[in-house]
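Protein sequence lines correspond, in order, to chains A and B. All the letters of the first sequence, read from the start, carry residue numbers 1 to 310 under full-length UniProt numbering. All the letters of the second sequence, read from the start, carry residue numbers 1 to 509 under full-length UniProt numbering. These notes are about the structure you will find just below.
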Amino acid sequence: MDLSSINPAVLVASLMVASVPIMLAAIGELVVEKAGVLNLGVEGMMIIGAVCGFITAVATGSPFLGFIGGALGAAGLSLIFALLTQVFQANQVATGLALTLFGLGLSSLLGQGYVGIKPPATGMVPFGPLADIPVVGRVLFQHDPMVYLSILIIAAVWAVLKYSRMGLILRAVGESHDAAHALGYKVTRIRIMAILFGGAMAGLGGAYLSLVRVPQWTDGITAGAGWIALAIVVFASWRPWRVLIGAYLFGGISVLQLNLQVANVPIPPEYLSMSPYLITIIVLVIMSSGKGRASLNAPAALGQNFHAAR
Amino acid sequence: MTNELLRIEGLTKAYPGVVANSDVSFAISPGEIHALLGENGAGKSTLVKMIYGLVKPDSGTMVLRGQPYTPARPSAARAAGVAMVFQHFSLFEALNVAENVALGMENPPPMRELAERIRAVSTEYGLPLDPARRVGDLSAGERQRVEIVRCLLQDPKLLIMDEPTSVLTPQEVDILFQTLRQLSAEGTAILYISHKLEEIRALCDGATILRRGKVVATCTPRDVSARDMAELMVGAVLNPPARAARRDWGDASPALEVAGLSAPSPIAFGTSLKNISFSVQRGEVLGIAGVAGNGQDELLLALSGELATDPGMIKAKGAPVGDLGPNARRALGFVAAPEDRLGHAAAPDMSLVENALLSGVVRKGLTKRGFIDWGATKNWAAEIVAQYDVRTPGTWVAARALSGGNLQKFLMGRELSQAPEVVIINQPTWGVDAAAAAFIRQEILNRAQDGAAVVVISQDLDDLLEVSDRFAALNEGRLTPTRPTEGLTVDEIGLMMGGAHGMEVAHHG
Numbered sequence: 001m002d003l004s005s006i007n008p009a010v011l012v013a014s015l016m017v018a019s020v021p022i023m024l025a026a027i028g029e030l031v032v033e034k035a036g037v038l039n040l041g042v043e044g045m046m047i048i049g050a051v052c053g054f055i056t057a058v059a060t061g062s063p064f065l066g067f068i069g070g071a072l073g074a075a076g077l078s079l080i081f082a083l084l085t086q087v088f089q090a091n092q093v094a095t096g097l098a099l100t101l102f103g104l105g106l107s108s109l110l111g112q113g114y115v116g117i118k119p120p121a122t123g124m125v126p127f128g129p130l131a132d133i134p135v136v137g138r139v140l141f142q143h144d145p146m147v148y149l150s151i152l153i154i155a156a157v158w159a160v161l162k163y164s165r166m167g168l169i170l171r172a173v174g175e176s177h178d179a180a181h182a183l184g185y186k187v188t189r190i191r192i193m194a195i196l197f198g199g200a201m202a203g204l205g206g207a208y209l210s211l212v213r214v215p216q217w218t219d220g221i222t223a224g225a226g227w228i229a230l231a232i233v234v235f236a237s238w239r240p241w242r243v244l245i246g247a248y249l250f251g252g253i254s255v256l257q258l259n260l261q262v263a264n265v266p267i268p269p270e271y272l273s274m275s276p277y278l279i280t281i282i283v284l285v286i287m288s289s290g291k292g293r294a295s296l297n298a299p300a301a302l303g304q305n306f307h308a309a310r
Numbered sequence: 001m002t003n004e005l006l007r008i009e010g011l012t013k014a015y016p017g018v019v020a021n022s023d024v025s026f027a028i029s030p031g032e033i034h035a036l037l038g039e040n041g042a043g044k045s046t047l048v049k050m051i052y053g054l055v056k057p058d059s060g061t062m063v064l065r066g067q068p069y070t071p072a073r074p075s076a077a078r079a080a081g082v083a084m085v086f087q088h089f090s091l092f093e094a095l096n097v098a099e100n101v102a103l104g105m106e107n108p109p110p111m112r113e114l115a116e117r118i119r120a121v122s123t124e125y126g127l128p129l130d131p132a133r134r135v136g137d138l139s140a141g142e143r144q145r146v147e148i149v150r151c152l153l154q155d156p157k158l159l160i161m162d163e164p165t166s167v168l169t170p171q172e173v174d175i176l177f178q179t180l181r182q183l184s185a186e187g188t189a190i191l192y193i194s195h196k197l198e199e200i201r202a203l204c205d206g207a208t209i210l211r212r213g214k215v216v217a218t219c220t221p222r223d224v225s226a227r228d229m230a231e232l233m234v235g236a237v238l239n240p241p242a243r244a245a246r247r248d249w250g251d252a253s254p255a256l257e258v259a260g261l262s263a264p265s266p267i268a269f270g271t272s273l274k275n276i277s278f279s280v281q282r283g284e285v286l287g288i289a290g291v292a293g294n295g296q297d298e299l300l301l302a303l304s305g306e307l308a309t310d311p312g313m314i315k316a317k318g319a320p321v322g323d324l325g326p327n328a329r330r331a332l333g334f335v336a337a338p339e340d341r342l343g344h345a346a347a348p349d350m351s352l353v354e355n356a357l358l359s360g361v362v363r364k365g366l367t368k369r370g371f372i373d374w375g376a377t378k379n380w381a382a383e384i385v386a387q388y389d390v391r392t393p394g395t396w397v398a399a400r401a402l403s404g405g406n407l408q409k410f411l412m413g414r415e416l417s418q419a420p421e422v423v424i425i426n427q428p429t430w431g432v433d434a435a436a437a438a439f440i441r442q443e444i445l446n447r448a449q450d451g452a453a454v455v456v457i458s459q460d461l462d463d464l465l466e467v468s469d470r471f472a473a474l475n476e477g478r479l480t481p482t483r484p485t486e487g488l489t490v491d492e493i494g495l496m497m498g499g500a501h502g503m504e505v506a507h508h509g
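Written out as structure tokens, the structure reads:
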């Protein structure tokens with residue numbers, strides 16, 4: 001056992017990178033669930049985002065266009081979910097699971113010719129001398145733009161949900177679609193917009209995996225990241241800043257796991273891999289022991305289909 | 001009339017299978033309080049939804065202040081000065097008062113300013129509200145205040161109120177009426193929907209009576225007796241239920257005894273039960289009044305066995321049953337009918353036969369060696385349908401396909417035809433028409449006559465006054481001492497229900 005081989009600054013810095021995909025996917029899913037829709041297809045949308053982003057970046061040579069392509073590809077996939085659940089009133093849980101399976105299969109088909117290729121590199125944001133500050137510079141100022149963008153998105157979602165009228169309407173639709181409809185809000189339209197946003201965010205997260213984190217294309221590259229994102233939303237009890245904490249915590253566990261293996265710590269890595277889910281279950285139990293859904297802060301209409309004709 | 005605010009001409013709306021409104025016409029002048037009167041299903045709600053832009057009429061015209069009026073959506077109606085207070089509240093429990101108000105406005109001011117205006121307007125009209133409180137924590141009366149204040153902030157020309165008093169105590173109704181009169185004096189017209197005749201006689205200047213989607217009469221409520229209006233509304237002569245003299249069964253201990261019942265609520269935003277005690281003898285009906293959300297649902301859960309309590313808190317014929325589940329209690333003669341029909345009293349997607357089985361399997365012996373006796377179950381379901389006049393194509397249809405009133409009749413029949421010894425019912429006549437309500441009340445009295453101990457929980461005072469021998473009220477999870485129903489005045493009942501819940505009379509100059 002040799003813990004001295006772990007450099008804390010490098011550990012924190014790589015933790016921030018590792019948490020970007022799940023943070024993006026989770027904040028997208030948070031908006032979707034705030035609108036009252038449960039989309040379990042995050043894993044499928046992420047991997048479609050990963051493969052679309054990879055293909056676009058390789059074809060155009062621009063990682064920036066790659067991220068756009070990943071977001072659009074996954075948003076396109078989420079549109080299928082929106083159509084099935086919002087227009088044809090399909091069951092959201094079943095549709096979401098189907099979306100994941102479909103996404104995994106489709107991505108492996110699309111990615112066949114791209115195995116073993118290196119994508120164009122995503123550069124760091126040039127902070128100049130700031131990056132050379134010892135420790136702080138390594139932790140805060142030596143990252144690619146997506147690390148900062150993901151935190152900005154969290155802040156933006158928080159502000160919109162808390163302070164804007166749009167956010168208020170979104171929350172209202174997720175609380176009671178019948179009441180929102182009675183007041184004249186377009187429930188279905190608002191929910192479809194939320195689903196598309198959730199898809200785009202999952203796609204960004206997926207593209208980050210194939211373009212920065214790994215960076216190459218392999219089948220099943222997401223390896224359960226979408227499920228962790230879903231767990232983070234519940235862990236965060238539907239609050240944006242807690243998504244950040246949850247993503248760092250769960251991202252940190254995956255980084256720590258690698259470091260501990262290198263340091264020969266005698267904890268089997270499987271225990272760390274399952275810990276995000278165990279923590280989520282424990283959080284759920286602790287919060288549910290209060291006053292049920294109210295203290296959980298779960299949107300009251302989560303997972304319920306809405307039909308205007310009454 | 002020249003000075004008209006809103007004129008409606010030949011409005012018709014049909015849904016597949018039903019004509020909700022057929023050629024409806026009437027007019028309202030500024031400052032008039034106009035009643036729209038009719039039974040459940042007479043088409044009142046559809047009519048006001050058309051005025052509020054939620055439903056598009058198939059044909060007919062509306063004219064508002066001399067201009068053709070065709071609201072495509074509620075925001076257009078609000079922009080034209082039409083506001084509506086909904087029967088089933090259009091509120092969001094997890095949001096606070098100010099956010100709820102903002103959602104019902106077209107261009108709400110910033111939150112801080114809005115909170116100030118909510119405070120100002122609500123005190124001016126005697127409906128004090130704290131803008132920062134979460135709506136889920138408010139009482140039914142306070143929630144209605146939120147809806148009314150939301151409307152008042154938009155300075156409406158026409159205020160539509162859909163059954164506003166069904167959740168209020170008599171004292172709260174008085175205060176609401178003073179607010180409405182004040183609004184009317186300021187020139188706001190009010191379209192007031194109700195089936196409570198005495199209220200309409202006290203409040204309204206004119207009335208339009210609907211039956212099966214058609215206007216059957218118009219009248220000035222002050223000049224017509226409540227009985228005449230009722231007969232216009234129902235289209236038949238109504239008789240109050242007959243009550244036979246009670247007999248003494250000579251039991252040593254009461255059929256149902258509740259002592260010091262306290263239990264936390266299993267429902268989110270629910271009310272916990274606090275030290276409830278009462279007893280009911282065989283052949284006796286105890287009526288429990290109260291405004292919605294004061295512990296009615298929780299009391300039903302505790303009595304039916306869905307919410308387990310200490311064994312001694314609930315006793316049947318002296319034996320403790322507080323820790324027994326629903327089926328164990330059914331075996332002892334308990335039957336229970338909760339308020340929520342779809343999802344609690346009935347499984348929505350299962351047929352009437354299956355729903356009959358779910359509740360009746362214990363007392364009617366519908367299984368043989370673990371297998372369901374479908375023949376006997378079908379016969380029993382068919383008997384209920386015939387006896388309780390349930391309008392349905394057959395017993396195989398799903399529970400959700402029945403209208404609310406018909407399903408209620410079926411569910412009442414299912415529980416009351418199990419030869420019960422203890423009957424617990426929440427809201428027996430909610431949403432059923434007057435004739436069916438009279439029938440259900442009669443059946444409740446008949447079961448008592450047969451020797452059952454009956455507890456009727458209801459927000460409808462008519463239910464309770466007609467069937468109960470003794471009377472009590474739930475208020476914030478506590479039960480008042482029981483009193484004989486005979487001789488109680490409406491004022492006394494109102495005070496038992498908690499009086500005015502902190503509302504005050506409008507003090508506006």
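Heads up, the beta-carbon is just placed ideally off N, CA and C, and yes, glycines get one too.
- If one requires a minimum length of 4 residues, no alpha helix (DSSP H) run lies completely within the segment 265 to 289 of chain B.
- Residue state for F127 of chain A is assigned as coil, using DSSP reduced to three classes.
- With fewer than three CB-CB distances shorter than 8 Å, the segment 82 to 91 of chain A does not count as touching the segment 52 to 63 of chain A.
- Assignment of L366 of chain B by DSSP, reduced to helix, strand and coil, places it in the coil class.
- G104 of chain B has a beta carbon lying within less than 8 Å of a beta carbon in chain A.
- Of the residues B:G295, B:N355, B:L479, B:Q387, the one whose Cα lies closest to the Cα of S139 of chain B is B:G295.
- Along the segment 177 to 201 of chain A, going in chain order, the ones with a CB nearer than 7 Å to a CB of chain B are A179, A182, L183, G184.
- For L168 of chain A, the neighbours in chain B by C-beta distance under 7 Å run, in chain order, E99, A102, L103.
- Counting only residues of its own chain and dropping the five nearest sequence neighbours on each side, A376 of chain B has a CB closer than 7 Å to the CB of L366.
- For D23 of chain B, the enclosing beta strand (DSSP E) has its first and last residue at 18 to 28.
- Contact with chain A is absent for P131 of chain B, since none of that chain's Cβ atoms lies less than 8 Å from the residue's Cβ.
- Within chain B, the residues F92, L95, E99, N100, L103 have their CB atoms less than 9 Å from the CB of A172 of chain A, given in chain order.
- For N259 of chain A, the uninterrupted alpha helix (DSSP H) run begins and ends at 240 to 262, by DSSP.
- In the three-state scheme derived from DSSP, where H, G and I count as helix and E and B as strand, Y192 of chain B is classed as strand.
- In this model, A80 of chain B and A179 of chain A are separated by some 21 Å (Cα to Cα).
- By the beta-carbon neighbour count (other beta carbons within 10 angstroms, threshold 16), A155 of chain A is exposed.
- At a cut-off of 8 Å, the C-beta of F26 of chain B has no neighbouring C-beta in chain A.
- By the Cβ-count criterion, S19 of chain A is buried, with 16 or more other Cβ atoms from all chains shown falling within 10 Å of its own Cβ.
- Taken through DSSP and simplified to helix, strand or coil, Q144 of chain B comes out as helix.
- Spatial neighbours of I153 of chain A in its own chain (CB-CB distance under 8 Å, excluding positions within 5 residues in sequence) are listed in chain order as L24, I27, M201.
- In the structure shown, Q67 of chain B falls within a strand segment according to DSSP collapsed to helix, strand and coil.
- Among the residues facing chain B, A71 of chain A is not included, as its CB has no counterpart in that chain under 8 Å away.
- Taking a C-beta distance under 8 Å as the contact criterion, L183 of chain A and G104 of chain B qualify as a contact pair.
- By the 16-neighbour rule on beta-carbons within 10 angstroms, P266 of chain A is exposed.
- Fully contained in the segment 120 to 196 of chain A are the following alpha helix (DSSP H) runs of length 4 or more, in chain order: 136 to 140, 145 to 163, 165 to 175, 177 to 182.
- For a Cβ distance threshold of 7 Å, nothing in chain A lies close to R247 of chain B: the least Cβ distance comes to about 46 Å.
- For R73 of chain B, the residues of chain A that pass the 8 Å Cβ criterion are G184, in the order they occur in the chain.
- In this structure, the alpha-carbon of A300 of chain A lies about 34 Å from that of S277 of chain B.
- Assigned with DSSP and collapsed to three states, K56 of chain B falls in coil, not helix or strand.
- Residues of chain A whose Cβ lies closer than 7 Å to the Cβ of F86 of chain B are, in chain order, A182.
- Minimum Cα-Cα distance from M274 of chain A among the listed residues A:I253, A:S5, A:N264, A:L260 corresponds to A:I253.
- In the structure shown, S458 of chain B adopts coil according to DSSP, grouped into three states.
- Annotated as distal: R7 of chain B and A20 of chain B, with beta-carbon spacing of 8 Å or more.
- Ranked by Cα distance from G126 of chain B, the first of B:M233, B:P108, B:E198, B:V149 is B:V149.
- Per DSSP, the beta-bridge partners of P484 of chain B are B:R470.
- Close to L191 of chain B, with beta-carbon spacing below 8 Å, lies no residue of chain A; the smallest spacing is near 17 Å.
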